[in-house]
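Enquirer: Sharing a structure below in structure tokens format, with a few things to ask.
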Amino acid sequence: MTATGTGTGPGPVPGTGIRLTAPAPGWSIEADVVVVGSGVAGLTAALRCAAAGRRTVVVTKARLDDGSTRWAQGGIAAALGEGDTPEQHLADTLVAGAGLCDEEAVRTLVTEGPDAVQRLIRSGARFDTAPGSEEIALTREGGHHRRRIAHAGGDATGAEISRALVEAVRAAGLRTIENALVLDLLTDAAGHTAGVTLHVMGEGQHDGVGAVHAPAVVLATGGMGQVFSATTNPPVSTGDGVALALRAGAEVSDLEFVQFHPTVLYLGPEAEGQQPLISEAVRGEGAHLVDAAGTRFMVGQHELAELAPRDIVAKAIMSRAHEQGVEHMYLDGRHFGAQMWESRFPTILAACRSHDIDPVTEPIPVAPAAHYASGGVRTDLRGRTTVPGLYACGEVACTGVHGANRLASNSLLEGLVFAERIAADIAARPAPEPAAARAAGPAPASAPRTPLPLLAPEARGAVQRIMTAGAGVLRSADSLARAAAELESIRREAAEASAARATHKAPEPGVEAWEATNLLCVARVLVAAAQRRTETRGCHWREDHPERDDASWRRHFCITLDAERAPALHTTATAGFPPTADDGLPAPASP
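Okay, so the sequence shown: first residue is 172 according to the working numbering, each after it adds one.
In structure tokens:
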């Protein structure tokens, strides 16, 4: 690990000279904007850019309707209810963020959020309404002092939002490339974004590696939960956007703040991969957390009891489990009755019953699992990263909204609001010249990139086990040091195999090898940041430093890759972020 001092740091860099080992693009298309990802952030950005007259291409790793958004159960938070205000939403968000939220970013979110939700409704999204009323039904989740969570289909909010946006994209006739893994950012000789390379996995419009040339790239690739053994994230959430940004020279921040959702269906100690989520809305409607004896252990630990912020609830579950020598606690909603489970939480009910657990008659075994990356690619309030022309929004981005711990149901709202802001920024710029004039290949002649050694596909499981053991819910100097050493060993073995191709069979380029390599990249950065942050704050829990230390650590790390491909950290001067790339253009008006 390389570390630099405090302050605003070295600022934007044009590139790292690193790219994934991959064949040269065999085909290309041109656009004004390429959006990578098909969740709420990506599709909103694409629709708004297209409406502004920009030729927009959507690239998505799976099918268009298979983004991470569709897995969201709880809802979208906004000050929509009587008596609620953006100021109250702001206050709850700042508390949850444990001193590291960028207040200007949060104010932007909560102020523009209600109108953004109304625009989403006009795009076709249908939220549940109160019985006998046209008013949106609102519920509470952890950390919220008001009912401000709009939901759809009971517990299928993400699926409804995804349906509405996918239909809007198809109706608008946007060009889409499905089943495509983005590989690397294209840049011109000046270091400005010029598109992306990507690999289409057999079912898309093109075969093999190609390129989309565009002067603006919007990363909306979702999270990186697959870096851990057990997660609520779908299999495609392998940190591809963060890894791409790091290879392109962009700064990332707050990767140490991985939110472990406290109530994930516990399927046993050997369970791996995507696990069923038990939405916070279940607690919002009155379910209780209990131990095996039926004791409610959250009462007295926080004024909101089961509805405390997620980091507090996750820590309480882990602490109680350790005290009792067990692996999980229980969520008890038997008092709801069958009708409420069937109408309000049909998805969760079906998931539990598929694993032979009936919430109507028995408590649900739950334990924390990796859920959401509060950090990501660092952006400003217009979604701009430190690489000119590269934007990021949604879970892949670090806007400063979430701080050290995301407030429940702020994620869909953040994706919505900042996607609109990105589109407004792109629309305010002069119409671009043909992209091909700025990108003749996968790297500028003035800054050739060397290929990054690939990991064997089976290394994915090893990375996940290392991260779960050393950088999971509970962390310490010893556990993180072991994780760092084991990850470095994996990296070194890959480099040695690549250097000795004549005598050793190195992994062939392909989706599984690229995903494993991306996971190793984000894992190393996450561990480096967690080692450096010697305090407990939000969802970063250091057993050896159990207290929050505002004097030393109420600040962020801005992280890049150095010339040796290792994480290079510098700290911000305050809890706010320094500026990103400033091209001198005036800020666009709010959407």
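From the three backbone atoms N, C-alpha and C, an ideal C-beta is built for every residue, glycine too.
Using 8 Å as the threshold, is the C-beta distance between HIS542 and GLN430 below it?
Expert: Yes, they are a contact pair.
Enquirer: Span of the alpha helix (DSSP H) holding HIS260?
Expert: 257 to 267
Enquirer: DSSP three-state label for ASP482, please.
Expert: helix
Enquirer: Please state if the CB of ASP203 and the CB of ALA385 are separated by a distance shorter than 8 Å.
Expert: yes
Enquirer: Thinking C-beta only, is ARG708 closer than 8 Å to ARG719?
Expert: yes
Enquirer: Give the list of continuous beta strand (DSSP E) stretches no shorter than 3 residues that lie fully inside the stretch 420 to 450.
Expert: 429 to 436
Enquirer: What's the gap between the Cα of VAL207 and the Cα of ASN576?
Expert: 25 Å
Enquirer: Please list the segments of the alpha helix (DSSP H) lying wholly inside the stretch 686 to 733, counting only runs of 4 or more residues, in order along the chain.
Expert: 721 to 724
Enquirer: ARG515 to ILE449, Cα distance in whole Å?
Expert: When rounded, the distance between both Cα atoms is 13 Å.
Enquirer: Please state the DSSP three-state secondary structure of VAL764.
Expert: Because the chain is modelled from 172 through 762, residue 764 falls outside the range shown and cannot be assessed.
Enquirer: Give the secondary structure of MET469 by DSSP, where H, G and I count as helix, E and B as strand, and everything else as coil.
Expert: Coil, per DSSP.
Enquirer: Looking at the structure shown, is ARG577 part of a helix, part of a strand, or coil, going by DSSP?
Expert: Coil.
Enquirer: Can you tell me whether DSSP reads THR215 as helix, strand or coil?
Expert: helix
Enquirer: Do the stretch 679 to 694 and the stretch 631 to 643 touch if we need at least three Cβ pairs shorter than 8 Å?
Expert: yes
Enquirer: Using a 10 Å radius around the Cβ and a threshold of 16 neighbouring Cβ atoms, would you call PRO750 buried or exposed?
Expert: It is exposed - the Cβ of PRO750 has fewer than 16 other Cβ atoms within 10 Å.
Enquirer: Going by beta-carbon coordinates alone, are GLY393 and GLU338 separated by less than 8 Å?
Expert: No.
Enquirer: Which residue's Cα is closest to the Cα of ALA171: THR639, PRO302, ASP462, GLY210?
Expert: Residue numbering for the chain in the displayed model covers 172 to 762; residue 171 lies beyond these limits and cannot be assessed.
Enquirer: CA-CA distance, LEU740 and ALA568?
Expert: 18 Å
Enquirer: Taking just the CA atoms, how far does MET489 sit from ALA401?
Expert: A direct Cα-Cα distance of roughly 15 Å separates ALA401 from MET489.
Enquirer: Identify, in the order they occur along the chain, each residue of the same chain with its Cβ nearer than 6 Å to the Cβ of VAL680, setting aside the five sequence neighbours on each side.
Expert: Looking at the sequence provided, one finds Pro at residue 680 rather than Val. Only THR192, ALA193 meet the Cβ criterion.
Enquirer: In three-state terms, what does DSSP make of MET395?
Expert: coil
Enquirer: What are the boundary residues of the alpha helix (DSSP H) that includes LEU191?
Expert: First-last for LEU191: 189 to 191, but that is the beta strand (DSSP E), not the alpha helix (DSSP H).
Enquirer: According to DSSP, is VAL353 helix, strand or coil?
Expert: Of the three classes helix, strand and coil, the one that applies to VAL353 here is strand, per DSSP.
Enquirer: Determine the DSSP secondary structure at PRO536, reduced to helix, strand or coil.
Expert: strand
Enquirer: Let me know the secondary structure DSSP gives HIS322 once reduced to three states.
Expert: The three-state reading of DSSP puts HIS322 in coil, since its state is none of H, G, I, E or B.
Enquirer: Report yes or no: do three or more beta-carbon pairs, one from the stretch 409 to 429 and one from the stretch 498 to 512, lie closer than 8 Å?
Expert: The answer is no - the stretch 498 to 512 does not touch the stretch 409 to 429, with fewer than three Cβ pairs under 8 Å.
Enquirer: If you draw a straight line from the alpha carbon of GLY574 to that of ASP273, how long is it in whole angstroms?
Expert: The straight-line gap from Cα to Cα measures roughly 7 Å.
Enquirer: Given a cut-off of 8 Å, decide if MET469 and ALA485 are closer than it, judged by their beta-carbon atoms.
Expert: no
Enquirer: In the DSSP assignment, the beta strand (DSSP E) including ASP503 goes from what residue to what residue?
Expert: Counting along the chain, the beta strand (DSSP E) containing ASP503 begins and ends at 500 to 503.
Enquirer: Kindly confirm or deny that the stretch 316 to 327 and the stretch 208 to 226 touch, where touching means at least three C-beta pairs closer than 8 Å.
Expert: no
Enquirer: Pick out whichever of PHE589, ARG317, LEU697 has its Cα sitting closest to the Cα of THR556.
Expert: PHE589
Enquirer: Within the continuous beta strand (DSSP E) that includes SER209, where are the two ends?
Expert: Segment: none, SER209 is in no beta strand (DSSP E) and carries neither H nor E.
Enquirer: Just confirm the distance between the C-beta atoms of ALA212 and GLY565, as a whole number of angstroms; I'd bet it's less than 8 Å.
Expert: About 3 Å separates the two Cβ atoms, so the contact holds.
Enquirer: Report the rounded CA-to-CA distance for THR364 versus GLY379, giving the unit in angstroms.
Expert: 22 Å
Enquirer: Go to SER199, then tell me how far its alpha helix (DSSP H) extends in each direction, as first and last residue.
Expert: Annotation for SER199: no alpha helix (DSSP H) segment contains it, though the beta strand (DSSP E) segment containing it runs 199 to 201.
Enquirer: Once you ignore the five residues that flank GLY546 on each side, which residues in its own chain have a CB closer than 6 Å to its CB?
Expert: SER424, ASP425, LEU426, PHE428, CYS569
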